[in-house]
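*Asks:*
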Amino acid sequence: MVKKIMQDLAQYREDVLLASAGALLHNLGKVSSVFVQSMLNRGSLCYFFQQVVGLIREVDCPSLDCSGLPKEKGFGGPDDCTLTVLQPDTRHKLAQPLIQLPPPLNDRTYRLGDLLEYLGVGHDWQFLYEADQNGRFGIEQLRGSTSYLTHLMNACHGGVSGSEKDSISCCQHPLGYPAGSDGFRVFLATPFGYEKDVLDPAIYDQAKDELEKAIQVMLATDEESFRLSKFERQVKSWLQRALADTQRPLNDITVWDVGHSGMAFLKAGIWSLHQKGSTSHQELEKQKAYWRILRYGLKGLEFLDQAVSVPDLAARQCLLKNELDAMKRFLEEEYPVATEVYRDENGSLYVFPDLDWQSEWWTAKTHLDDKPRQDPVSGGLKLADVYGLKPHLEVTPGPYYHRPNRGPQGDLPYIGTQIREWITDPPTAEVHLAAFATTGQKQGELCPYCGVRIIGGGAELVSDGTVELQRYSEQSRQLKMCCPCLKLREGRAADWVKRIAGGDKAYTIWLNEVADVNGRLALVVGRWDVEQFMERMHYPQKGTKRFVILARATFLGDAVPSHGQKLRVRVRRKSVDLDWNAAKQELIGIHEGDEPDIGRFQHDQLSIQLLDKEASTLTATLVELAQEGEELYLYLQKEAAITSRLIPERKVKIFGCDFIVVDKHTLRPAGIEAKKKILEVCCWQSDGCTFFLSTIQTIPLTPVVHSESFARLRRVWETTRQFWKEAMYDFQQRSEPSKFRRLELHSREPGDWAANQAYELLLDGAKLSVVWDGERKCFITADNLAYLSQPQQLGEDVQHWLQTHLGQPLSVIQSTGYGSSDKRVGDFTIERAEDVQVKSESNHTPSISILTEPQTFMVLVPAQAALELVRSIKQKYEREMVKVRPRLALHLGVVFAFRRTPLRVILDAGRRMLRVSSPPAVWDVESTATKEGRVAPSYLRGDPHFATWQELVLRRRTDGRRAIWRVPLKMGDGTSDDKWYPLVALEGIAPQRGLAHVKVIQPRDDILHHGIEFIPTTFDFEFLDTGGRRFEIAYDDQGWRRGRLRGRRPYLLDECDVLEDIWRELRCGLTLNQIHILRDTIEAKRVEWGLQGESCPQGQTVFLQFCRDMVAAAAWKPGTRPDTEKLALYAARGWLADAVELFLEILKRNDSQVERGDGDYGLTV
């Protein structure tokens, strides 16, 4: 059976690739300004985007009278402009019969245009794949034959685009931009509601023209064998410039998203049907589960954080990427059965056919394992051979459905759900035992870089005819590593030398270059809590109105409801159940329909019969009932016309029962029957309880639809990945003009140094890191020269020092491997030291990017630049993701370290910091205000989304921490109201029942208060003064740091600015000694009293008063005394200590601006 499958793959490979290209282009008709104009101004243009090839009208049915076709909509009429969009040559090529597929899709020869023309999407064309009363499908009637491939494409498209979008409340972009023209301006949104990219007719038409060029080249008769990957690269950027739907909020999906996802399902579906052996339009209409998922990967962070050095880290990343790329080529093009739909540091996920892969064809994978890896930097080495590990290969045991609705019966597992589960649970790597085969045969110490073979071993893996193996083995033994690890290290260093010699100033692979002037660097890490967002990916539903009813109730009699008991009232002649919350003493319920007009009483109008001669009757309004012991009192609304006629101690009749007038607006029943009657008629009666409502509040709810269509899931992952890349670019652009320099060191007798190897030159006790450029015979510095110029090092400019020591031999030191002492290997006499030439001067902060994945971010930067990068990320997040901030948490962290700290220690600390997770919590709204864009913070000002914005001050109920949520209320044009994204879940209301728009959220009051569900964004940091400090980075289930003195961390991301404010007040008002004494005294007392984290136990004010006294007693400089109460509270929480540690001890921020003092600390201890 394996042989038969492989034969079929070889036979139909080209055809399957062409069919995949057709699937990628199946929405080509949307890449045109005509499409957008027809959508924005329905009725003015007659355009059918699926029929742009003209197969129905010109090829298949030229004499057709359009019977059954949307003739009434103008199809084929004189105003139909559909066939004017594509060039004739493009339409001709798309109409060529090229594709012959394996059974059962061999019912006819297909054209690429079939996948566009017969897509069958929308009301006008859905009849193509619907059976009539005789069981005959529209496609059969139209063409006179079956068309299984296009029916499969129709099913694939439906799963990609999401059927739930028909239920989403949408709004079309306005037509006419500029005003008075027939032009347009539409926006491409992210799944988080930020409309960044503006699309106009020129962009659309340019994209269409470029796509047509690519299509014509692809189908040229003289073109070589078709390469799908090359075609994808050519068309991707152009397909990404066209919207799959022009309506908001559906404008977050591009034609590329729909096309690539549809291609993934179609390619796999072809082989699923082939495996089954037969199909029919009836079966395809049922849309069964034809897809499995294949994953290929390992726990990436665990693998990467074993790296000893940055070159080793880069080698690990390179070899892992090579493995993933090789699998991608294997599955997508060599044996085209699957498509990669997700990749991160842990591996790749593919949409795979419903095949029993183990027993039928996967032995073909041996072809993949045997092939060398095509990568010049890694020299063809493979991951398994070097590190003894292979990515784990796994395919789901059963098929999955491609739509979120889980199939016609709702009983099929959704493929997107399984993909999400696998993303959060990466597999463990497989051990490649063959790599360890020789380890036990030879005596020696294991290579510390790979841990697989002995030092100096593995020469056979690097033998390619160009390497002197004996010398190579000797050199690897000197450096205490194996030959493959040496080759990989050399490859990365050679690439660095080449790029630096070519004038690339920004690139580095050396930690010493990244370290700041204090010799410290920082690993900045970030993680999106994407999974929680996907669980809450809601959009407003069409049509339905819904309201939350909140009420306080007064119960009369002995019956009191239990928690959760339902009590029924009537609203607009409709019964509504309210749930009793015993803890909050509130009733809460949901009302469907118009805004409820609910009364406090079931009946509040009283007809009072006076027992006077005229037997006159008054109508009064009941406003309150009160029970005191056995007595019940009725309080009436004060109206002069009524109260003037009520005489105390007189009797009146209400509902035929006697009541006694207590005063001019108070009555009481004259007997038990009167009491029963008033309770029965006026009060609400439900489930044995008698009550009236004392306070009522209604909040409009937005009914929502949960949308996780496959294309939208992909957009989420792509957007979060792109966020990290753009944030890093923005950070570099905002950097100060770089003073970073490199030097070339030349000598008359350069010596015989190993090319591309790192050495150190001894300069009066200071060590200068250098790398030997074997081609140009010079050393290139690989160090931060500003650090070496510090008083603790050389104490002067490095180049100046070298110029004054020309002709003097300098000792050359070489590291002899991880964990061992360095070795002097010779002398180098400098003849000249000059700056390395660069292509162009630009803003630049040395950095080493490690991960920019959909969920995870890691980058090494100078310690002094770390907080600026955090600030840049924070501001971008608050600009582009803030509308969905309650649902999308961002966790940032910084690991500070000395430049000599082992890389694996730093990476392990970063990985531990990424484990933080904050569960949703209830936050109370302290205040809310609508503001204009001109008063927004500077980094938000000028953004059209913030033309009008809402500011909410939130307080977390569990600990009182505050956050400010600045919510833009406009879309990208600055005028359209955002009705879709700034939605938030109310406390106690399941999101499925509805969300509240931020504009209807009211501040908490003392009577009725309902919090909102909010997932906090966090910031944490740690300084690795020792390697063991990383083990203190651990979090509990609530996201708090474990440990007595770190329990106040992580901070809310909003609180980063507070820490800097604390430091600013200390820096301006106290000397260095005063700052240290203030901090140390408070923290010593905290330890002495056994206080945990930031806690100041409730009811205990002694420690807070101690902090207040300490702050007040400090000798503040004139005019700098801070708000004592606020600073004392920060001190009691431990924030003051963290601010001093972060800015003074770690970053050494602005030491020159802080006087050192003379011992008069101004503190009473």
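Residue numbers (my numbering): 73 to 1237.
Note that CB positions come from ideal geometry on N, CA and C, so glycine has one too.
Only a predicted model underlies this, so the values are computations on that prediction, with no experimental measurement involved.
(1) Could you give the uninterrupted runs of the alpha helix (DSSP H) lying entirely in the region 195-220, keeping only those of 4 residues or more?
(2) I'd like to check one pair, leucine 1096 with threonine 973: are the Cβ atoms closer than 8 Å?
(3) Just to confirm my understanding: we take serine 944, look at its own chain, exclude 5 residues before and 5 after, and list those with CB closer than 8 Å. What are they?
(4) Once DSSP output is grouped into helix, strand and coil, what is the label at valine 524?
(5) In chain order, what residues of the same chain have a beta carbon less than 6 Å from the beta carbon of proline 1040, not counting five sequence neighbours either side?
(6) Considering only residues of the region 711-744, which uninterrupted alpha helix (DSSP H) runs meet the minimum length of 4 residues and lie entirely inside it, listed in chain order?
(7) State the beta-bridge partners of cysteine 243 as determined by DSSP.
(8) Indicate whether the contact test is met: 3 or more Cβ pairs, each with one atom in the region 566-586 and one in the region 543-552, closer than 8 Å.
(9) So what's aspartate 152 in DSSP terms, helix, strand or just coil?
(10) Roughly how many angstroms separate the alpha carbons of leucine 1176 and glycine 1099, rounded to a whole number?
(11) Alpha carbon to alpha carbon, how far is phenylalanine 199 from glutamine 319?
(12) Got a sec, what are the start and stop residues for the alpha helix (DSSP H) valine 586 sits in?
(13) Decide if aspartate 186 is buried, meaning its Cβ has at least 16 other Cβ atoms within 10 Å, or exposed.
(14) Which of helix, strand or coil does DSSP assign to threonine 411?
(15) Fully enclosed by the region 786-848, which beta strand (DSSP E) runs are 3 residues long or longer?
(16) Quick one: what's glycine 898 bridged to in DSSP?
(17) In terms of DSSP beta bridges, what is histidine 963 paired with?
(18) Do you know offhand how far alanine 993's Cα is from glutamate 1104's?
(19) Restricting to Cα atoms, I'd like to know which of Met111, Lys302, Val380 is closest to serine 92.
(20) Tell me asparagine 653's beta-bridge partners as DSSP assigns them.
(21) Throw me the rounded Cβ distance for the glutamine 359 and alanine 227 pair, which I believe falls under 8 Å.
(22) In or out: lysine 462 buried (at least 16 other Cβ within 10 Å) or exposed?
(23) In the DSSP assignment, find the unbroken beta strand (DSSP E) run with glycine 556 in it and report its ends.
(24) Assign glutamate 53 to one of three DSSP states: helix, strand, or coil.
(25) Using alpha carbons as the reference points, say which of His98, Leu90, Gly879, Leu455 lies closest to valine 327.
(26) Beta-carbon within less than 6 Å of lysine 1247's beta-carbon, same chain only, minus the 5 sequence neighbours each way: which residues are those?
(27) Just to check my reading of the structure: alanine 95 and leucine 127 have Cβ atoms closer than 8 Å, yes? What is that Cβ distance to the nearest angstrom?
(28) The ligand ADP and alanine 1203: does any heavy atom of the ligand fall closer than 7 Å to the residue's C-beta?
(29) Between alanine 316 and lysine 102, which are expected to be in contact by the criterion C-beta below 8 Å, what is the C-beta distance as a whole number of angstroms?
(30) Round the Cβ separation of cysteine 761 and histidine 675 to the nearest angstrom and send it over; I've been treating them as touching at under 8 Å.
(31) So is aspartate 329 buried or exposed if we call it buried at 16+ other beta carbons inside 10 Å?
(32) So what does DSSP say about phenylalanine 1103, is it helix, strand or coil?
(33) Does asparagine 323 pass the burial test, meaning 16 or more other C-beta atoms within 10 Å, or should it be called exposed?
(34) Hey, how far is the Cα of leucine 338 from the Cα of serine 919?
(35) Straight-line CA distance for isoleucine 1134 to glutamate 1213?
(36) With 16 other CB atoms within 10 Å as the buried threshold, where does glutamine 378 fall?
*Replies:* In brief:
(1) Within the region 195-220, the complete alpha helix (DSSP H) segments at least 4 residues long are 210-215, listed from N- to C-terminus.
(2) Taking 8 Å as the Cβ cut-off, threonine 973 and leucine 1096 qualify as a contacting pair.
(3) Ala799, Asp802, Phe803, Arg806.
(4) Three-state DSSP puts valine 524 in coil, outside helix and strand.
(5) Contacts found: His1017, Phe1018, Trp1021.
(6) If we require 4 residues or more, the alpha helix (DSSP H) runs fully inside the region 711-744 come out as 712-715.
(7) Bridge partners of cysteine 243: Arg320.
(8) In short, these stretches do not touch, since the Cβ pair count stays below three.
(9) Strand, per DSSP.
(10) Each residue's Cα considered, the two are about 34 Å apart.
(11) Distance between the alpha carbons of phenylalanine 199 and glutamine 319: 24 Å.
(12) For valine 586, the enclosing alpha helix (DSSP H) has its first and last residue at 583-586.
(13) When all chains shown are included, aspartate 186 counts as buried.
(14) Residue state, collapsed to three classes: strand.
(15) Every beta strand (DSSP E) of 3 residues or more that sits fully in the region 786-848 is shown, in chain order, as 815-818, 830-835, 838-845.
(16) In DSSP, glycine 898 forms a bridge with Val884.
(17) DSSP lists Arg599, Thr1090 as partners of histidine 963.
(18) Taking the straight line joining both Cα atoms gives about 25 Å.
(19) Ranking Met111, Lys302, Val380 by Cα distance to serine 92 puts Lys302 first.
(20) BP columns for asparagine 653 point to Glu658.
(21) Sure, about 5 Å apart at Cβ, within 8 Å.
(22) So lysine 462 counts as buried.
(23) First, the amino acid is wrong: residue 556 is proline here, not glycine. Annotation for proline 556: no beta strand (DSSP E) segment contains it, though the alpha helix (DSSP H) segment containing it runs 555-573.
(24) Any answer about residue 53 is impossible in this case: the structure gives the chain only from 73 up to 1237.
(25) Considering only alpha carbons, the answer is His98.
(26) Since the first residue of the chain shown is 73 and the last is 1237, residue 1247 is not available in this structure.
(27) In this structure alanine 95 is not in contact with leucine 127, their Cβ atoms being roughly 16 Å apart against a cut-off of 8 Å.
(28) By its list of ligands, the structure shown contains no ligand whatsoever, and the ligand ADP lies outside what it can speak to.
(29) So it is a contact: roughly 6 Å between Cβ atoms.
(30) Contact between cysteine 761 and histidine 675 fails: their C-beta atoms lie close to 17 Å from each other, not under 8 Å.
(31) Aspartate 329 is classed as buried because its beta carbon has at least 16 other beta carbons within 10 Å across all chains shown.
(32) If DSSP states are grouped into helix, strand and coil, phenylalanine 1103 belongs with the helices.
(33) Counting Cβ neighbours within 10 Å, asparagine 323 comes out buried, since at least 16 surround it.
(34) About 42 Å.
(35) Between the alpha carbons of isoleucine 1134 and glutamate 1213 lies a distance of about 12 Å.
(36) Buried is the call here.
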